[in-house]
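Step one of this worksheet: look at the structure below.
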Amino acid sequence: MKYYCWMQYYDDDTKKQTKSSEIKFADKHNHSATPSDKDWEDCLDDLVDKVNRLREAPLAALTRATIEASAEKKTRSAH
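Residue numbers in the sequence shown follow the numbering used here, run continuously in steps of one, and reach 66 at the last position.
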C-alpha cells in the first residue's frame, strides 16, 4: 500500500480550487504513517506556485502565509 499527501486551496477571487502535486510519504501498509513536515512544506511550495500562476492582473499574487492559513491538508492510500 502507498500513502500520498497533498494540499488544496480555494481562491475566492478566481473561484478556482487548486491542488498541489501528490507526494508519496509511505510505501508499506502502516496505519500510523503520517506525512513529515518536509512533505507538507513541499506540497505548500507547489500549491503556492500553482495558485499564483492562475491569478492574472489586476489580481496580486497571494503570500505563502495567506495560502497556508486556508489550505486543506489531504491524504489518501492506494493499493
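For each residue, glycine too, the CB sits at the ideal point set by N, CA and C.
Apart from sequence neighbours up to five positions away, the residues of its chain that approach D33 with a beta-carbon distance below 7 Å are S7, S8, ordered along the chain. One thing to note: Q(-5) has its Cβ no nearer than 8 Å to the Cβ of A52. The Cβ atoms of R40 and D0 do not sit closer than 8 Å to each other. For E55, the secondary structure class from DSSP, reduced to helix, strand or coil, is helix. P45 counts as exposed, since fewer than 16 other C-beta atoms from the protein chains shown sit within 10 angstroms of its C-beta.
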